[in-house]
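**Q** Following this note's numbering, the numbering of the first sequence begins with 38 at its first residue and continues without gaps.
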Amino acid sequence: MNVRAAIDQRLSEALSACTGRNSPALVQPASKPEFGDYQANGIMAAAKRLKTNPRELATAVIDTVALDDIVEQLDIAGPGFINIFLSAEFLAARLAREQPLVSPAQHPYTAVVDYSSPNLAKEMHVGHIRSTIIGDAVAKVLECLGHNVIRQNHVGDWGTQFGMLITYLTETGANSQVLEDLEEFYRAAKQRFDADADFATRSRLAVVGLQGGQPELRRQWQRFIDISLNHCQALYGRLGVSLSREDVHAESAYNDDLPNVIESLREQGLLEESDGAQCVFLDEFKGKDDQPLPVIVQKSDGGYLYATTDLAAVRHRHNQLNAQRVLYFTDARQVLHFKQIFAVARKAGFADAAMSLEHHPFGNMLGKDGKPFKTRDGGVVKLAELLDEAEARAFDLVTQKNSELGEDERREIARVVGIGAVKYADLAKNRTSDYHFDWDQMLAFEGNTAPYLQYAYTRVQSVFRRGNIDVESLTGETAPSEPAERTLAVTLLRFQEVLEQVAADAYPHYLCTYLYELASQFMRFYEACPVLTAPGKVRDSRLHLCLRVAETLKNGLGLLGIETVERM
RNA sequence: GCGCUCGUAGCUCAACUGGAUAGAGCAUCGGCCUUCUAAGCCGAGGGUUGAAGGUUCGAGUCCUUCCGGGCGCGCCA
């Protein structure tokens, strides 16, 4: 149940009845504890429009609204806020064992989530991590709310770079099953491509052959793609990312459809030739010197571009996948590109007005010094090495904190904590601007970090372990009385509204902020309210509250693709 | 040149269609372990939200101008 939405709806109805026009109540979580659990901000604006006294209007709304089943008390405060206090009965009823803390959306829809999308010519590096984990978290949240999620890993597997790679492999006879080697070959091939004009020509011919379906070239290419995808899958596995081979819908998959895209644009009179290239010009895009800005869909040599592929993808997602929402997670440099693609797609009818096309951009990963994140010698940081280091650092830490645990268990904790720390540090700040990657900060494991949340979870588990608690034997009820208990209870009930917000805005950091708040409140509760030594009924109530906290932490972290351990 | 984006405490970040005294963590300083794990809790200091105007009951949030950073702007993706 979305408590906030329920209160908002009823207060909005009451407010609208009082004002005689549609007036939103604007209910939010209260900004301070003394203002209650939620607050309504909409009275002042409504009173303003009616030129009436906001406090009087608030009184009328409170007299009108029916919230007795949820709310204990409604106060008018300040210039015309309504402070909302949830009733103890309501809290207890919603937290009872049989009540789900997450309920599915009333109107589920089909959402395509386009994320990760690495270039298969290279090993995955830090530049791929943001798209991969942010997109995956949003996909999981949408799915958890009952939406039909179609993951699309739009991997780069086509184009000149593959031509030169295949040519290099064929000509040198180089052979390997390991992607790291292939990356070496890629570097060598690129060097020859730049230095040797004949080699470059042969490479371009290879691309033509590839696109034309020449069997030997296709076989070579496929072998390479397989190795590369296996490498990606291994990393997805380590990262707890839910992408599988079935989600791969590569650039090459649209190859046969590209001429149709061009033809469709031509038929609709949207195509214009400019300097030999096929372009779509739209009035809303201007380039240098106020010149119209083209979206080039076919090069003067007849080749297609990523704009063409993306247009084909939009059409596919509309016509074949029947998506109502399409969410793209790519870096911020592509904002113009996607604005253009979306505009052309709409104009050409590849997407209708009912299909929401959303680009969710994010900034670059920067090092501590504010410059692009690189290795000491200026190289690209490989994702696999990044994760290795995270685990190694976490292992040192867990050894230092808990040396009595066996090595295997410490390794496992280090894996869960290290990977979690890297992911959480990124997910917790979804800035559209750049992101500062700082080992010391994320692996300090203090404050708003994954380990803090994971530690809160282990503390709950520890209570159950210590008390030899059989969860089934509990009454499954809770009656929060202490302030720390009450706060915890109210926060637990906010899980649903937070998930819906993440789904709506595609910002996983809302979930992180929420989980951190929940964990902090649990820590305070843990200090203030003894559980195992409390008298019978209170003990049962607190144990059930603990259970709900653990469930929510595990569930919430799971949606972020972060695991938990029983002790650490 | 045009466009997009960002600028909040020493550092990294929050602040939900404009709401109450701008909040956290790190760092600094001071308390709390014979009682469920101290990777914790409690407290203190730290701010002209880049600058100046404007809109209004109310602006970190909206508008204008300026300053500073990042990115993009015809056949790469």
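We put the beta carbon where it would ideally sit given N, CA and C, even for glycine.
1. Taking the alpha-carbon of Val-535 as reference, which of Phe-199, Ala-130, Gln-437, Leu-555 has the nearest alpha-carbon?
2. Quick one: what does DSSP say Tyr-544 is sitting in, helix, strand or coil?
3. Where Lys-419 and Gln-143 are concerned, what is the direct C-alpha to C-alpha distance, given to the nearest angstrom?
4. Following the continuous beta strand (DSSP E) through Lys-323, name the residue where it begins and the one where it ends.
5. For Lys-591, which residues from the same chain have a beta carbon less than 6 Å from its beta carbon, with the 5 sequence-adjacent residues on both sides left out?
6. Can you list, in chain order, the residues of its chain whose CB lies under 6 Å from that of Lys-336, leaving out five sequence neighbours each side?
7. Ser-301 lies in the alpha helix (DSSP H); which residues open and close that run?
8. Check whether the Cβ atoms of Tyr-551 and Gly-598 lie closer than 9 Å to each other.
9. Can at least three beta-carbon pairs, one atom from the stretch 378-390 and one from the stretch 313-330, be found at a separation below 8 Å?
10. Would you mind stating whether Thr-56 and Ala-77 have Cβ atoms separated by less than 9 Å?
11. To the nearest angstrom, how far is it from the Cα of Arg-430 to the Cα of Ala-451?
12. For Arg-35 and Leu-266, what's the separation of their Cα atoms in angstroms?
13. So what does Val-285 bridge to, in DSSP terms?
14. So for Pro-488, helix, strand or coil by DSSP?
15. Quick check: what's the CA-CA separation for Asp-389 versus His-355?
16. Drop a sphere of 10 angstroms on the beta-carbon of Arg-413, count the other beta-carbons inside from all chains shown, and report buried for 16 or more, exposed for fewer.
17. Rounded to whole angstroms, what is the Cα-Cα separation between Leu-330 and Leu-307?
18. Can you pull the DSSP bridge partners for Glu-534?
19. At what residues does the beta strand (DSSP E) containing Pro-61 begin and finish?
20. Just to confirm, are Asp-635 and Phe-375 a CB contact at a threshold of 9 Å?
21. Measuring only the C-alpha atoms, how far is Val-40 from Glu-126?
22. Opposite Glu-395 in the DSSP bridges: which residues?
23. Within 10 Å of its beta-carbon, does Arg-377 have 16 or more other beta-carbons around it, so buried, or fewer, so exposed?
24. Could you round the C-beta distance between Leu-123 and Glu-135 to whole angstroms and report it? I think they count as a contact, below 8 Å.
25. Between Gly-200 and Ala-243, which are expected to be in contact by the criterion C-beta below 8 Å, what is the C-beta distance as a whole number of angstroms?
26. Since I believe Cys-549 is in contact with Leu-480 (beta carbons under 8 Å), could you give me their beta-carbon distance rounded to a whole number of angstroms?
27. Within 10 angstroms of its Cβ, does Asp-74 collect 16 or more other Cβ (buried), or is it exposed?
28. From this set, Pro-520, Tyr-547, Val-454, which residue's C-alpha is nearest Ala-493's C-alpha?
29. Specify whether the stretch 207-220 and the stretch 164-173 touch according to this definition: at least 3 beta carbon pairs, one from each stretch, less than 8 Å apart.
30. How about Ser-517 and Leu-582: do their beta carbons lie closer than 9 Å?
31. Per DSSP, what kind of secondary structure is Gln-214 in: helix, strand or coil?
**A** Quick answer:
1. Numbered from its first residue, the first sequence carries residue 535 at position 498. Ranked by how close their Cα comes to the Cα of Val-535, the residues Phe-199, Ala-130, Gln-437, Leu-555 have Leu-555 in first place.
2. Within the first sequence, residue 544 is the residue found at index 507, counting from 1. Tyr-544 sits in coil when the DSSP states are folded into three classes, being neither helix nor strand.
3. Residue 419 sits at position 382 when you count from the first residue of the first sequence. Residue 143 sits at position 106 when you count from the first residue of the first sequence. The alpha-carbon separation between Lys-419 and Gln-143 amounts to approximately 42 Å.
4. Counting from 1 along the first sequence, the entry for residue 323 is found at position 286. First-last of the beta strand (DSSP E) with Lys-323: 314-323.
5. Within the first sequence, numbered from 1, the residue matching residue 591 stands at position 554. Answer for Lys-591: Thr-601, listed in chain order.
6. Residue mapping note: residue 336 aligns to position 299 of the first sequence, counting from 1. So the list reads Ala-314, once near-sequence residues are dropped.
7. Taking the first residue of the first sequence as 1, we reach residue 301 at position 264. Taken as a continuous stretch (DSSP letters only), the alpha helix (DSSP H) holding Ser-301 covers 295-304.
8. The residue given as residue 551 occupies position 514 in the first sequence. The residue given as residue 598 occupies position 561 in the first sequence. Cβ atoms of Tyr-551 and Gly-598: not closer than 9 Å.
9. They touch, by the three-pair rule.
10. Along the first sequence, one-based indexing puts residue 56 at 19. Along the first sequence, one-based indexing puts residue 77 at 40. No; because the gap between Cβ atoms is not below 9 Å, this pair is not in contact.
11. Position 393 of the first sequence holds residue 430. Position 414 of the first sequence holds residue 451. Taking the straight line from one Cα to the other gives about 8 Å.
12. An answer regarding residue 35 cannot be provided, because it is not within the stretch 38 to 605 covered by the chain.
13. On the first sequence, residue 285 is found 248 positions in, with the first residue counted as 1. Val-285 has Asn-190 as its beta-bridge partners, per DSSP.
14. In the first sequence, the residue the question calls residue 488 occupies position 451. Correct three-state label for Pro-488: helix.
15. As a first step, residue 389 must be located in the first sequence, where it is residue number 352. As a first step, residue 355 must be located in the first sequence, where it is residue number 318. Across the structure, Asp-389 and His-355 are spaced so that their CA atoms are roughly 8 Å apart.
16. Counted from its first residue, the first sequence places residue 413 at position 376. Counting the other CB atoms within 10 Å of its CB gives Arg-413 a total below 16, which places it among the exposed residues.
17. Taking the first residue of the first sequence as 1, we reach residue 330 at position 293. Taking the first residue of the first sequence as 1, we reach residue 307 at position 270. If you take the alpha carbons of Leu-330 and Leu-307, they lie about 14 Å apart.
18. On the first sequence, residue 534 is found 497 positions in, with the first residue counted as 1. Paired residue(s): none; Glu-534 is not in a bridge.
19. Within the first sequence, the letter at position 24 stands for residue 61. Taken as a continuous stretch (DSSP letters only), Pro-61 belongs to no beta strand (DSSP E), as it is neither H nor E.
20. The structure shown does not extend to residue 635, since the chain is modelled only from 38 through 605, so no value can be given for it.
21. The residue you call residue 40 lines up with position 3 of the first sequence. The residue you call residue 126 lines up with position 89 of the first sequence. A straight line joining the alpha-carbon of Val-40 with that of Glu-126 spans about 14 Å.
22. Locating residue 395 in the first sequence gives position 358, where the first residue counts as 1. DSSP, once it has assigned bridges, lists Leu-364 as partnering Glu-395.
23. The sequence position of residue 377 within the first sequence is 340, counting from 1. It is worth fixing the name first, because residue 377 is Gln in this sequence and not Arg. The residue in question, Gln-377, is buried, as its Cβ has 16 or more Cβ neighbours within 10 Å.
24. Walking along the first sequence from the start, residue 123 turns up at place 86. Walking along the first sequence from the start, residue 135 turns up at place 98. Contact doesn't hold; Cβ gap of about 19 Å is too wide.
25. Within the first sequence, residue 200 is the residue found at index 163, counting from 1. Within the first sequence, residue 243 is the residue found at index 206, counting from 1. With a beta-carbon spacing of about 4 Å, Gly-200 and Ala-243 fall inside the 8 Å limit used to define contacts.
26. By 1-based counting over the first sequence, the position of residue 480 is 443. By 1-based counting over the first sequence, the position of residue 549 is 512. Going by Cβ atoms, the distance from Leu-480 to Cys-549 rounds to 17 Å, so no, they are not a contact pair.
27. Against the first sequence, residue 74 aligns to sequence position 37. Answer is buried; the Cβ neighbour count reaches 16.
28. Taking the first sequence and counting its residues from 1, one reaches residue 493 at position 456. It is Val-454.
29. The stretch 207-220, when compared against the stretch 164-173, does not touch it at the 8 Å Cβ threshold.
30. On the first sequence, residue 517 is found 480 positions in, with the first residue counted as 1. On the first sequence, residue 582 is found 545 positions in, with the first residue counted as 1. Residue 517 is actually Pro in this sequence, not Ser. Taking 9 Å as the Cβ cut-off, Pro-517 and Leu-582 qualify as a contacting pair.
31. As a working note, residue 214 is residue 177 in the first sequence. If DSSP states are grouped into helix, strand and coil, Gln-214 belongs with coil.
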